[in-house]
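2 protein chains.
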Amino acid sequence: MAVLSKDNGVALYAQVRETLRNRIVNGSYQPGERLPAEEALTAEFGVSRMTVRQGISDLLDEGLLYRKRGIGTFVAQRHVHRDHNRLTTFFDSAESESFEARIAVLKQEVLLSRHLVARSLNILEGEPVFHIQTLRFADGLPITLHDEFIPYKLCPEMLDHDFTQVLSWEALERCGFRIKQAVQRVEAIAADGQTAKLLETEIGAPLLYKERTVVAEDGTPLEFALCYNRGDRYSLTTTLTR
Amino acid sequence: MAVLSKDNGVALYAQVRETLRNRIVNGSYQPGERLPAEEALTAEFGVSRMTVRQGISDLLDEGLLYRKRGIGTFVAQRHVHRDHNRLTTFFDSAESESFEARIAVLKQEVLLSRHLVARSLNILEGEPVFHIQTLRFADGLPITLHDEFIPYKLCPEMLDHDFTQVLSWEALERCGFRIKQAVQRVEAIAADGQTAKLLETEIGAPLLYKERTVVAEDGTPLEFALCYNRGDRYSLTTTLTR
DNA sequence: GAGTGGTCTAGACCACCCG
DNA sequence: GGGTGGTCTAGACCACTCG
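Line by line, the protein sequences are chains S and H. The first sequence runs contiguously to residue 244 in the numbering used here. The second sequence runs contiguously to residue 244 in the numbering used here.
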């Protein structure tokens, strides 16, 4: 019998969700096993059925559970989920993948936007943008050359910002924007002379090239970035759903 | 005033969702505009609040709407973000991106699994697997060399299958598996001699290399694939969420 | 037929945000 | 203070799947 608290400020459905998650993680519910019916969980937790369903719904989204109509709710086999599609910073990645992160700022300037940059940021050609070019190192080795563009008007105070320690996202959030999602296009290209030199590799070496547009909650483009990643030191994982 | 039908077999919340979606797409609700409060929509549609919320919830997931606590529900700025994290077949892509798809089967055999393949499919080393090697053409040009591995035991009737016309997924679904999601790792590599020849490019040319594991609803690995994509003819788009 | 999840109702109280 | 979404209840009927 589970005990939920009504006074700790945590929503009941969240407590239901976490209780179920614990039972899955610690093996009380085995992979492939059917969960008790919603009716039973309702009785056990002493909450209404909608509340149980809301908790279960989160775990369905995560891929920890799945349902079959008319049969039941089951624990998924392996706990692969969509965490691969999370938007994280370079420092976040460093922490979760245990490498030492360092950022060198090569350029920090205000430019007039053109072509691809203006189009991607949904601003007029000629509108000023910050351009921050950085070289990123993992465990001391260069892995990414990063060209980042941010509309000047969104956050003028970004001028005095130390991009070796703090990412532009923090500045954007201080300016009141909540970063919501990014769309990125990835391809493989050959390194040109300049890029090869910076990344300490050879001309023609394969690079994972990424164009990324970061948007706010309301869909406003906040940042457009070009990333040149050393093919032999960088890979990217995503989850696709049918 | 919207009219919902109770007899057409479409759930009310789905009708609410589609009605709202239409209003967004056709501009009745402009980007940035606040939607009527849930209470108002409840009155307009003649359904309960939970039903309205369920419809809105789907549109939130799609990124077409966003909410601010205590303020309201708003239409997101641009609806370009679509869903880039959908699992689609080569033929699906051909249709949506308007190119002519052709598949040539290079190998179709049963092998004993080893190393990476066995581990990715979560089977024992030595268990038999189908190996299907195909070359994929877009508008007559080779773009992808595809090595696919499927546990033999899952679907023995896959032996007599014409992989030029029908993808292995259909065979898997005929064997009772519902494909749910895939996890793929992407990197940039240089083409080796054999691959370069098949893809009609040069040795050392940049390739977008993908390792993909496809899993069923319950998490069972169904397929493991290695994809060598020509860097100059293939790109991949994903959406990341904070 | 019995059990399951899918949908739906008509209320309610709350925390949050604004002017 | 008045409006918004966030949470929650205690019921209900349905479609689906199985034996």
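Heads up, the beta-carbon is just placed ideally off N, CA and C, and yes, glycines get one too.
Sub-8 angstroms separation of residue i and residue j beta-carbons
| i | j | result |
| --- | --- | --- |
| S/T114 | S/G128 | The question names Thr, yet the displayed sequence has Leu at residue 114 of chain S. Contact flag set, yes. |
| S/T33 | S/Q79 | Note that residue 33 of chain S is Pro in the sequence shown, not Thr. Cβ atoms of S/P33 and S/Q79: closer than 8 angstroms. |
| S/V18 | S/V77 | no |
| H/A106 | H/A96 | no |
| S/L137 | S/L200 | yes |
| H/Y15 | H/G57 | yes |
| H/L224 | H/V188 | no |
| H/A227 | H/R235 | no |
| S/F132 | S/I152 | yes |
| S/T91 | S/L43 | no |
| S/Q110 | S/I145 | no |
Interface flag, residue i vs chain S, CB-CB below 8 angstroms
| i | result |
| --- | --- |
| H/G57 | no |
| H/R88 | yes |
| H/I73 | no |
| H/V112 | no |
| H/E20 | no |
| H/E2 | Nothing about residue 2 of chain H can be reported from this structure: the residues present for chain H run from 3 to 244 only. |
| H/S237 | yes |
| H/R244 | yes |
| H/Y15 | no |
| H/F101 | no |
Span of the beta strand (DSSP E), counted from its first residue to its last, around residue i
| i | result |
| --- | --- |
| S/E213 | P208 to A218 |
| H/N87 | Where H/N87 is concerned, there is no enclosing beta strand (DSSP E), given that its DSSP letter is neither H nor E. |
| S/Q110 | A103 to L114 |
| H/Q17 | That residue, H/Q17, is in no beta strand (DSSP E); its alpha helix (DSSP H) goes L14 to V27. |
| H/K70 | L67 to K70 |
| H/T44 | No beta strand (DSSP E) holds H/T44; the alpha helix (DSSP H) holding it covers E40 to F47. |
| S/G74 | G74 to V77 |
| H/R232 | P223 to R232 |
| S/E150 | L143 to P153 |
| H/E189 | I181 to A192 |
| H/L161 | Here H/L161 belongs to no beta strand (DSSP E), and DSSP marks it neither H nor E. |
| H/T241 | L238 to T243 |
Contact belief for residue i with residue j at Cβ below 8 angstroms, rounded distance in angstroms
| i | j | result |
| --- | --- | --- |
| H/T240 | H/N28 | That belief does not hold up - the Cβ atoms of H/T240 and H/N28 are roughly 29 angstroms apart, past 8 angstroms. |
| H/E40 | H/R25 | The Cβ separation is near 15 angstroms, so there is no contact. |
| H/G72 | H/L6 | In fact, because the Cβ distance is near 29 angstroms, the residues do not count as touching under 8 angstroms. |
| S/T243 | H/Q186 | Actually they do not touch by this definition, with Cβ atoms about 12 angstroms apart. |
| S/P208 | H/P158 | Their Cβ separation, rounded to whole angstroms, is 39 angstroms, which puts S/P208 and H/P158 out of contact at 8 angstroms. |
| H/L156 | H/C177 | 6 angstroms |
| H/Y68 | S/D220 | 6 angstroms |
| H/A218 | H/I181 | 6 angstroms |
| S/A190 | H/A190 | 4 angstroms |
Close-in-space but distant-in-sequence residues of the same chain around residue i (CB under 8 angstroms, 5 per side omitted)
| i | result |
| --- | --- |
| H/R23 | L61 and L66 |
| S/T197 | L147, L209 and Y230 |
| S/S98 | T90 |
| S/N124 | T222 and P223 |
Chain H within 8 angstroms of residue i, Cβ atoms only
| i | result |
| --- | --- |
| S/R51 | no |
| S/K182 | yes |
| S/V188 | yes |
| S/V185 | yes |
| S/E97 | no |
| S/P208 | yes |
| S/Q79 | yes |
| S/D220 | yes |
| S/A227 | no |
| S/Y68 | yes |
| S/I191 | yes |
| S/F76 | yes |
| S/T197 | no |
Cβ-based neighbour list, residue i, same chain, cut-off 6 angstroms, excluding 5 preceding and 5 following
| i | result |
| --- | --- |
| H/D141 | F101 and E102 |
| H/G206 | A192 |
| S/H246 | Nothing about residue 246 of chain S can be read from this structure; chain S reaches only from 3 to 244. |
| S/R36 | G74 and F76 |
| S/F139 | R104 |
| H/L126 | none |
Cβ neighbours of residue i in the same chain (closer than 7 angstroms, five flanking residues each side left out)
| i | result |
| --- | --- |
| H/T203 | A193 and R232 |
| S/E172 | none |
Endpoints, alpha helix (DSSP H) assigned at residue i
| i | result |
| --- | --- |
| H/D63 | R51 to E64 |
| S/H117 | H117 to L123 |
| S/K199 | G195 to L200 |
| S/R138 | First-last for S/R138: P130 to A140, but that is the beta strand (DSSP E), not the alpha helix (DSSP H). |
| H/L174 | S170 to R176 |
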